[in-house]
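J.: I have a structure I would like to understand better, so I am pasting it below and will then ask my questions one at a time.
In our numbering, the protein residues as written are 56 to 474.
Have a look at this one:
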């Protein structure tokens, strides 16, 4: 009885700690979102900072009213590059909730999921509760991610799905009895929310084949194929959906923005010189642009980036945590793959609208870096103090982000909506 009672107390403490962490992150996120709304209220009425959000609403209304996936009722169209967001948006619209409340409410839920997934991922690779809380708080306080949750766009959805897929995947790596089926579903759904995130699939499947799917003797585990198979089914459904609505394997809006450039496409069309030129100029440029953007967004928190990379690679005094190298590979390879496959539009279009998942993963890396520095620092209070200061700095610049958001909403309300 004593042993069972002790286990109960441990489980209770762990669950209570988790609830407290979630409430803290939820409160911080609610406060940041409220301030954005408060500042916007002083400038203009409710709305969205991009007119694309209203396109999603139009598609969502038609889905909710039984007119199919269409902009003009009854005429199937693949004019949404993020069909999963549009389909989810149709649910509150069908329930009679207003378009602005539907989109922003859904965005806030997705941003919270992204924050909690970042918290889980940071805890998994560091075994530190503090690192997890730091990551979760940073996600809901980083101005660009606060903007994403209020944008009415798919940004927080695909960021949440990518981060959740990685968190579930790392859990499967550390639990040998787990076949990790859900990471395949989540990775596939991320592409439904933003086609560029399909680039995570070959990285996950490749790592799973070489590492996660094998036992300590190097033999493939039972049902190792389940997660890749489920991912393939989800991707096949995406292709079928686009063929039905637009006649191509990807949304028509994706093709409209890629301009037919890129190393892979140029090489396939026999333009080897163009392919080599693109391979030489885009990958390093995209990596530099994304890294500089992350540093600009995260400010003092970015001081944990290099220690975090070293910790995840196993170069900071401890063996590399399960999945650590994969996280670094995703951060480095996704801009490179984007550069090789579809360099136009540029990777930083709309101030990172298409790479928000990389910002969330950068936060996880920085939180891991703070955990690593804390183990080595003397006196030990220095790193926690720096972490608190970094969060305070993010909170302080929320006001600046709110003013930008308000101006963008006013622009859409006064120009596009009136027109």
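From the three backbone atoms N, C-alpha and C, an ideal C-beta is built for every residue, glycine too.
How about residue 237 and residue 293: are their beta carbons less than 9 Å apart?
T.: Along the chain shown, one-based indexing puts residue 237 at 182. Along the chain shown, one-based indexing puts residue 293 at 238. Against a cut-off of 9 Å, the Cβ pair of residue 293 and residue 237 comes out as no contact.
J.: Quick one: Cα of residue 154 to Cα of residue 262, how far?
T.: Locating residue 154 in the chain shown gives position 99, counting from the first residue. Locating residue 262 in the chain shown gives position 207, counting from the first residue. In a straight line, the C-alpha of residue 154 is about 41 Å away from that of residue 262.
J.: Closer than 7 Å by C-beta to residue 88: which residues in its own chain qualify, once you throw out the five before and the five after it? Chain order, please.
T.: Taking the chain shown and counting its residues from 1, one reaches residue 88 at position 33. Here the set comprises 163, 201, 204, 205.
J.: I think residue 143 touches residue 171, with their Cβ atoms under 8 Å apart; what is that distance to the nearest whole Å?
T.: Translated into positions along the chain shown, residue 143 becomes position 88. Translated into positions along the chain shown, residue 171 becomes position 116. Contact flag wrong, Cβ pair sits at about 18 Å.
J.: Counting beta carbon pairs with one atom in the region 431 to 441 and one in the region 275 to 288, are three or more of them shorter than 8 Å?
T.: Verdict: no, contact absent.
J.: Please classify residue 480 as buried or exposed, where buried requires at least 16 neighbouring CB atoms within 10 angstroms.
T.: Nothing about residue 480 can be read from this structure; the chain reaches only from 56 to 474.
J.: How long is the line joining the alpha carbons of residue 183 and residue 343, rounded to whole angstroms?
T.: Locating residue 183 in the chain shown gives position 128, where the first residue counts as 1. Locating residue 343 in the chain shown gives position 288, where the first residue counts as 1. When rounded, the distance between both Cα atoms is 30 Å.
J.: Can you tell me which of 83, 80, 217, 116 puts its alpha carbon nearest to the alpha carbon of residue 409?
T.: The residue labelled residue 409 in the question sits at position 354 within the chain shown. Measuring from the Cα of residue 409, the nearest candidate turns out to be 217.
J.: Would you call residue 407 buried or exposed, if buried means 16 or more other Cβ atoms sit within 10 Å of its Cβ?
T.: Translated into the one-based positions of the chain shown, residue 407 becomes position 352. Looking at its Cβ environment, which holds 16 or more other Cβ atoms inside 10 Å, residue 407 is buried.
J.: From residue 362 to residue 250, what does the alpha carbon distance come to, in whole angstroms?
T.: Sequence index remark: in the chain shown, residue 362 carries index 307 (1-based). Sequence index remark: in the chain shown, residue 250 carries index 195 (1-based). Roughly 31 Å between the two C-alpha positions.
J.: Please confirm whether residue 221 and residue 416 have their CB atoms less than 9 Å apart.
T.: Locating residue 221 in the chain shown gives position 166, where the first residue counts as 1. Locating residue 416 in the chain shown gives position 361, where the first residue counts as 1. Going by C-beta atoms, residue 221 is nearer than 9 Å to residue 416.
J.: Contact defined as beta carbons within less than 8 Å: I believe residue 108 pairs with residue 158. What is the distance between those atoms, to the nearest angstrom?
T.: Position 53 of the chain shown holds residue 108. Position 103 of the chain shown holds residue 158. Rounded, the Cβ-Cβ distance is 6 Å, consistent with contact.
J.: Can you tell me the Cα-Cα spacing of residue 448 and residue 354, whole angstroms?
T.: By one-based count along the chain shown, residue 448 stands at place 393. By one-based count along the chain shown, residue 354 stands at place 299. So the alpha carbons of these two residues sit roughly 8 Å apart.
J.: Can you say whether residue 219 is buried or exposed, counting buried as having 16 or more other CB atoms within 10 angstroms of its CB?
T.: In the chain shown, counting from the first residue as 1, residue 219 sits at position 164. Under this definition residue 219 is a buried residue.
J.: Please state if the CB of residue 111 and the CB of residue 140 are separated by a distance shorter than 9 Å.
T.: In the chain shown, counting from the first residue as 1, residue 140 sits at position 85. In the chain shown, counting from the first residue as 1, residue 111 sits at position 56. Result yes, Cβ atoms of residue 140 and residue 111 sit closer than 9 Å.
J.: From what residue to what residue does the alpha helix (DSSP H) around residue 373 run?
T.: As a first step, residue 373 must be located in the chain shown, where it is residue number 318. Taken as a continuous stretch (DSSP letters only), residue 373 belongs to no alpha helix (DSSP H), as it is neither H nor E.
J.: Would you tell me roughly how many angstroms separate the C-alpha atoms of residue 380 and residue 388, rounded to the nearest one?
T.: Your numbering for residue 380 matches position 325 in the chain shown. Your numbering for residue 388 matches position 333 in the chain shown. Going by the C-alpha atoms only, they are around 12 Å apart.
J.: Using the beta-carbon count (16 or more within 10 Å), is residue 358 buried or exposed?
T.: Start at 1 with the first residue of the chain shown, and residue 358 comes out as number 303. Result: buried.
J.: Can you check the region 254 to 302 for any alpha helix (DSSP H) of at least 4 residues that lies completely inside it and give the ranges in chain order?
T.: Taking only runs of at least 4 residues, the alpha helix (DSSP H) segments lying wholly in the region 254 to 302 are 255 to 262, 281 to 301.
J.: Tell me the rounded alpha-carbon separation between residue 146 and residue 83.
T.: As a working note, residue 146 is residue 91 in the chain shown. As a working note, residue 83 is residue 28 in the chain shown. The alpha-carbon atoms of residue 146 and residue 83 are separated by roughly 27 Å.
J.: Starting from residue 430, follow the alpha helix (DSSP H) in both directions and report where the run begins and ends.
T.: On the chain shown, residue 430 is found 375 positions in, with the first residue counted as 1. Per DSSP, residue 430 belongs to the alpha helix (DSSP H) from 411 to 431.
J.: Could you check which residue in 341, 445, 185 has the C-alpha nearest to that of residue 397?
T.: Looking up residue 397 in the chain shown gives position 342. Checked all of 341, 445, 185; the closest Cα to residue 397 is 341.
J.: Given a cut-off of 9 Å, decide if residue 120 and residue 126 are closer than it, judged by their beta-carbon atoms.
T.: Translated into positions along the chain shown, residue 126 becomes position 71. Translated into positions along the chain shown, residue 120 becomes position 65. The answer is no: Cβ separation not under 9 Å.
J.: Taking the alpha helix (DSSP H) that residue 379 falls in, what are its first and last residues?
T.: Position 324 of the chain shown, counted from the start, is the residue given in the question as residue 379. 379 to 396 is the span of the alpha helix (DSSP H), which, as asked, contains residue 379.
J.: On the three-state DSSP scale, how would you describe residue 120?
T.: Here the question's residue 120 lines up with position 65 in the chain shown. Three-state result, residue 120: coil.
J.: Which term fits residue 96, buried or exposed, when burial requires 16 or more other beta carbons within 10 angstroms of its beta carbon?
T.: Looking up residue 96 in the chain shown gives position 41. By the neighbour-count rule (16 or more Cβ atoms within 10 Å), residue 96 is not buried but exposed.
J.: Please classify residue 125: does DSSP put it in a helix, a strand, or coil?
T.: Taking the chain shown and counting its residues from 1, one reaches residue 125 at position 70. Residue 125 falls in the strand class under three-state DSSP.
J.: With a Cβ-Cβ cutoff of 9 Å, do residue 459 and residue 198 count as a contact?
T.: What you label residue 459 is simply residue 404 of the chain shown in a count that begins at 1. What you label residue 198 is simply residue 143 of the chain shown in a count that begins at 1. Their beta carbons are under 9 Å apart, which means residue 459 touches residue 198 by this criterion.
J.: Taking the alpha-carbon of residue 74 as reference, which of 356, 104, 175, 106 has the nearest alpha-carbon?
T.: Within the chain shown, residue 74 is the residue found at index 19, counting from 1. Of 356, 104, 175, 106, the residue nearest in Cα terms is 175.
J.: For residue 310, which residues in the same chain have their Cβ closer than 8 Å to its Cβ, ignoring the five residues on either side in sequence?
T.: Residue 310 sits at position 255 when you count from the first residue of the chain shown. Within the same chain, residue 310 has close Cβ partners 303.
J.: For residue 378, which residues of its own chain have a beta-carbon under 6 Å away from its beta-carbon, when the five flanking residues on both sides are left out?
T.: Taking the first residue of the chain shown as 1, we reach residue 378 at position 323. Same-chain partners within the cutoff: 225, 228.
J.: Who are the Cβ neighbours of residue 420 in its own chain at under 8 Å, not counting the five residues just before and after it?
T.: The count along the chain shown starts at 1 and reaches residue 420 at position 365. Contacts found: 359, 360, 363, 364, 367, 382, 383, 386.
J.: In or out: residue 271 buried (at least 16 other Cβ within 10 Å) or exposed?
T.: As a first step, residue 271 is located in the chain shown; it is residue number 216 there, counting from the start. The residue in question, residue 271, is exposed, as its Cβ has fewer than 16 Cβ neighbours within 10 Å.
J.: Buried or exposed: which applies to residue 338, given that a residue is buried once 16 or more other Cβ atoms fall within 10 Å of its Cβ?
T.: As a first step, residue 338 must be located in the chain shown, where it is residue number 283. Buried is the call here.
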